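Student:
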Amino acid sequence: MRALFYYKIDTKSYIMAAYSTTGIQKTSQLESNHQKTVQKETKREADGMRVSNPTKCVEILFDCFEEVNCSTNPSTGQNAEIQPSTVNYNKVFQSVEVAKPEENSSRDLRRNIKVHILKTLESCTHEVACPPNEQYFPLQPRYGPPLKEYPFALDPFQNESIVCVDNNQSVLVSAHTSAGKTVIAEYAVAKAFKNEQKIIYTTPIKALSNQKYREFSEQFEDVGLVTGDVTLNPEASCLIMTTEILRSMLYRGSEIMREVGWVIFDEIHYMRDSERGVVWEESIILLPHNVRFVFLSATIPNARQFAEWIAYLYKQPCHVVYTDYRPTPLQYYLFAAGANGIHMVVDDKGAFHEDNFSTAMATLQNANPRVKDKKRGRQGGNIKDPSQSGIFKVVKMIMERGFAPVIVFSFSKKDCELYAMQLTKMDFNTPAEKRCVQLVFDNAMDVLSDEDKKLPQVQNMLPLLLRGIGIHHGGLLPILKENIEILFGEGLIKALFATETFAMGLNMPARTVLFTGINKFDGNQRRLISSAEYIQMSGRAGRRGLDDQGIVILMVDEAISPASLRDLMKGSADPINSAFHLTYNMILNLMRIEEMNPEFMLKRSFYQFQYQSHFPSLQEDYQKKKDEFDAIEVKNLDLVTTYYGIRKELDLLSKDYKAFINKPEYLIPFMQPGRLVKIVHENVHYNWGLVVNFKKHFTAKSTIIDGRIISEPSTTIQLRVLLILPSGNGATLEVLPVESQDIIHLSEARVHCPDDIKPLPVRKALMRAVKEIERRFPEGPSILDPVESMGIKEPEFLIIIKKIKLLESKLFAHPLHNSNGMYADYNKYHKKMTLEVALHEAAEKIAASKILQKLDELKARKQVLKRLGYCSAKDVIQLKGRVACELSCGDELVITEVFFNGIFNRLTPQQATAFLSCFVCDERSKKNPKISEELSGPLRDLQESARLIAKASLESGLPIDEDEYVNQFKPHLMEVVLSWCNGASFAEICNTSEIFEGSIVRCMRRLEELLRQLVQASKTIGNVKMETKFTEAIKIMKRDIVFSSSLYL
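Numbering (my numbering), first residue to last: 1 to 1049.
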């Protein structure tokens, strides 16, 4: 859906020039009529379009797009030369009914799409997406001094972005980490102040909000902070807040929004976050139409598409200023486990050095296996002698070469601490620096009580900090994390061991970034980090104005395949793909707002926009396949059709045959190390390989029967097979993890396989043995007989074998089978049948692209709300719904159910607080907690309410695993919170739990936020008793180190 005009701006004429706002309409002129305008537009968007015949609409759309010559550009995703394309949407909407035709309706936004692209400078591209039917006027120069001056020369992308702000137009700034995007945000604040407007600055996390508040307070006078935990100067002209706070203000209809002229979204690329990304979309969609935006993002390949969406939503131009220029270029190195040096694989010009990469991989394969410890701390080597560990060697080299400070990224809290402790023999600080560290640390800890100062985490951290070694992860106490950030910013920490959260927006660059590995657990599975995550973290290397180059070092072990590593280092940033999903809180809030509905949010979501934007490429793909299908002519059609049918039946039977062969009970007895197997993995056919070992995985396979999910135990087998894999310089011997279903042949042959096959000479000897078997048996080694050797004698399997033999006899007797001339006809027919299937799939995708996405889920969720009494049959919010509208820190339905079931009436404020911890606890203890009787009863009631909701969901057509849904409410902190609310010290409650101290604090702060929401919910329905109880609970729990103030405030 390209419902926008594009212009690429010539940056040459604007750089280092003077500009003015002559002719720019002031937003203040729009404010008086703003409310009426928003109501009218909201009504129009909520009514939307009703497609009477989606299939017919798709057929008409086939003829509406002209061909566009479009190729990819690394910076914008488009070619510098594209011919204008036009869509006649009058034809498109012949099959569309508009509920209430009005001028400037959403239908008009999609007419006459045109694309115009002009040439720009190399270091910076500047484009603008405009709404349809709106003439684009060039940016006007500013006369007089800029609204904010800087003591340094601005980069081209900064100048370009400031021009947009001067002209009162929205801009998306896409640039690398530490490139200087904050300059544009600061200029937008100055712009808002000059126009006497309010400006909101949103961040993804509270820590970043606190830091930005400190930075902006040093530059501007009227700055406020609203994070939920803290509210400072809420009437200020510049308000800094988390995106969740902005969303809450918009749903409440805050009066502040009437005065807002600009909104800055920092780290907008976090909109793709699977859990929280939807909050960004909700906020952007709900903002008033007179607001202008500054979006700050890391480099994203689909920046233009995002700008299109903004122009579509707000009927205003949205600029894209993109640069992939790094002020400080980076050099990338590999350190192979067991090696004594590093290898540069990407230089500061971005060139990939294949020879150095291969050398590093060869070093890894030939390394002494004793240094490749697969236990936790594998980069540690011999933990008994830390000076021989990989971490010790690399950090020592970094310090000797003057590459400090270094950020060492690990993807585990325990790994961060383990690696830091291996450097205790090192000391990076001078006596003067140690005195500074001691002074800063003592001043920060002065806010704590004497008892809290004696906490093990506080006591154990200081010796490391004095040596110039720091740790930063989510398990640390917030006051310690902030203290470490300040010390690192002042250059008093030379080696900082951190998890990836340290790369989230915090302005803390270093000379060097070191990765201890590239595998992480993302909450669902253990996986390789993505290229975008790698780019974000490595972008912390190189301090502008201080370093000529930044250094990035990646420590690798044999568990990483060369192909995966190469893809990671050569990869590009991930696009912003919508993570939009429906929540009950969203649906209820939209029902509550007059002249708005949930369909309004669906229709305007980036998810829907992206889905519909695929239409031109889908149509082009369909037409290409159709032309190819029509061009194929097959002779001897009758013979070819019967032959094809036989082959098709054989293919289906062979899959059934293979399914029996690969059953664990038959396969496992033949999975001895050294067994020859032939596999097909990810559509690649490999030669014979050797089984190294295998593992059994037990899972539960879920199926829905009569509206209920039935779980059945299932066993899968994962093998590790030694294979010859192609590489840049020929071939390498690699151990490839494959699934049992990848096996296509299981040989009778075996070779002796040693326990340790890591040394390269051992691998070569094994593959020579395989080659010798292949030489002796040119037609291939003998295959295990499934009946005689493997003992598969199930009647169903024997029937399959009979059918296969019968079909094979028909196949061999068919005239086409031995006819070389006619076989070409079969290949044509086979290709035509494949294309026919592809055509059906393409047509289905085209039809789906024009349908409102997630509409079925919305209907199902509404049905759940009606069943449980949250809204009426006519979508009118009931009492339960009004409570759920206020809850966003936990499962709104379960909390509301226990609220109305009277559970809180039976609990004291202390017990109620402990009970509510189940909704905010995201940490799991290794030991199952012992729950006292006073809490076990309410916990059972919670689980019963959750099962009631799961049942209502299944009956309404929502797929849900009841046990998984119930088990998400974790009781691991119930007793901890109860003890805290009964007056126990923080040291005492930490001794009763294995959970990190910082994680306990984070959960308690989220719990306090949930209690505040329950206070508001109680007030909304006039329940004074509950309002008083939850207010008392807040007073009881808010004390000491758990709620100590931020050092930035």
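All C-beta atoms, glycine included, are put in the ideal place defined by N, C-alpha and C.
This structure is a prediction, so every number in the text was calculated from the model and none was measured.
What alpha helix (DSSP H) runs, 4 residues minimum, are completely inside the segment 909-991?
Tutor: 909-916, 933-955, 962-967, 974-981 and 986-990
Student: For Leu546, does the three-state DSSP call read helix, strand or coil?
Tutor: coil
Student: Helix, strand or coil for Phe606 per DSSP?
Tutor: When secondary structure is reduced to three states using DSSP, Phe606 falls in the helix class.
Student: Taking the alpha carbon of Phe293 as the reference point, which residue from Ile199, Thr363, Asn210 and Met271 has its own alpha carbon closest?
Tutor: It is Ile199.
Student: Below 8 Å, how does it come out for the segment 512-522 and the segment 399-414: are there three or more Cβ pairs, yes or no?
Tutor: yes
Student: Across the segment 238-257 and the segment 539-554, are there enough close Cβ pairs to call them in contact, namely three or more that are closer than 8 Å?
Tutor: The segment 238-257, when compared against the segment 539-554, does not touch it at the 8 Å Cβ threshold.
Student: Alpha carbon to alpha carbon, how far is Leu639 from Ile783?
Tutor: The straight-line gap from Cα to Cα measures roughly 33 Å.
Student: Do the segment 154-172 and the segment 228-235 touch if we need at least three Cβ pairs shorter than 8 Å?
Tutor: no
Student: Between Ile285, Leu364, Ala179 and Phe969, which has its C-alpha nearest Asn327's C-alpha?
Tutor: Sequence check: residue 327 is Pro here, not Asn. Nearest option by C-alpha distance: Ala179.
Student: Measuring alpha carbon to alpha carbon, tell me which of Lys854, Leu667 and Ser274 ends up nearest Gln741.
Tutor: It is Leu667.
Student: Could you give the first and the last residue of the continuous alpha helix (DSSP H) run that contains Met397?
Tutor: Gly390 to Glu400
Student: Along the beta strand (DSSP E) that carries Arg675, what are the first and last residues, could you check?
Tutor: Arg675 to His681
Student: Look at the alpha carbon of Leu719 and the alpha carbon of Asn693, and state the distance between them as a whole number of angstroms.
Tutor: Rounded to the nearest whole angstrom, the C-alpha separation of Leu719 and Asn693 is 6 Å.
Student: Counting C-beta neighbours from all protein chains within 10 Å, is the total for Asn519 16 or more, i.e. buried, or is it exposed?
Tutor: exposed
Student: Can you tell me where the beta strand (DSSP E) with Glu665 in it begins and where it stops?
Tutor: Not the beta strand (DSSP E): Glu665 falls in the alpha helix (DSSP H), residues Pro664 to Leu667.
Student: Give me the Cβ distance between Ala307 and Leu172, rounded to the nearest whole Å; I'm assuming they're in contact under 8 Å.
Tutor: Here Ala307 really is in contact with Leu172; their C-beta atoms are around 5 Å apart, less than 8 Å.
Student: By DSSP's criteria, Asn589 is part of a beta bridge. Which residues make up the other side?
Tutor: In the DSSP output, where bridge partners are listed per residue, Asn589 has none listed.
Student: DSSP puts Ala336 in a beta bridge; with which residues?
Tutor: Val556
Student: Using the three-state DSSP reduction, which class does Tyr201 fall into: helix, strand or coil?
Tutor: For Tyr201, the three-state secondary structure derived from DSSP is strand.
Student: With DSSP as the reference, please indicate the residues paired to Asn519 in a beta bridge.
Tutor: Looking at the DSSP assignment, Asn519 forms a beta bridge with Leu528.
Student: Please classify Glu1009 as buried or exposed, where buried requires at least 16 other C-beta atoms within 10 Å of its C-beta.
Tutor: buried
Student: Are the segment 446-455 and the segment 482-501 touching by the rule of at least three beta carbon pairs closer than 8 Å?
Tutor: no
Student: Do the segment 928-937 and the segment 994-1008 touch if we need at least three Cβ pairs shorter than 8 Å?
Tutor: no
Student: Roughly how many whole angstroms lie between the Cα atoms of Pro562 and Met361?
Tutor: 7 Å
Student: Which same chain residues, not among the five before or five after Asp567, have their C-beta less than 8 Å away from its C-beta?
Tutor: Ser531
Student: Is it buried or exposed, Thr424, if we count other Cβ atoms within 10 angstroms and call 16 or more buried?
Tutor: exposed
Student: Alpha carbons only, please: which of Pro959, Leu939 and Thr992 is nearest the one belonging to Phe969?
Tutor: For the residues Pro959, Leu939 and Thr992, the minimum Cα distance to Phe969 belongs to Leu939.
Student: Name the residue from Thr642, Asp229 and Thr908 whose alpha carbon lies nearest to the alpha carbon of Leu816.
Tutor: Thr642
Student: So, using beta-carbon positions, are Gln219 and Pro317 closer together than 8 Å?
Tutor: no
Student: Tell me the rounded alpha-carbon separation between Asn382 and Ala337.
Tutor: Any answer about Asn382 is weak, because its pLDDT of 44 lies below 50 and its placement is not dependable; what the coordinates show is given next. Distance between the alpha carbons of Asn382 and Ala337 is about 12 Å.
Student: At what residues does the beta strand (DSSP E) containing Phe265 begin and finish?
Tutor: Val260 to Phe265
Student: Can you tell me whether Leu652 is buried or exposed, with buried defined as 16 or more other CB within 10 angstroms of its CB?
Tutor: exposed
Student: Can you give me the C-alpha to C-alpha distance between Ala298 and Thr177, rounded to a whole angstrom?
Tutor: In a straight line, the C-alpha of Ala298 is about 6 Å away from that of Thr177.
Student: For Thr21, which three-state DSSP category applies?
Tutor: Any answer about Thr21 is weak, because its pLDDT of 30 lies below 50 and its placement is not dependable; what the coordinates show is given next. Coil at Thr21, not helix or strand.
Student: Please report the straight-line C-alpha distance between Gln422 and Asn356, rounded to a whole angstrom.
Tutor: 29 Å
Student: Starting from the C-beta of Thr908, find all residues in its chain whose C-beta is less than 7 Å away, skip the five residues before and the five after it, and write them out in chain order.
Tutor: none
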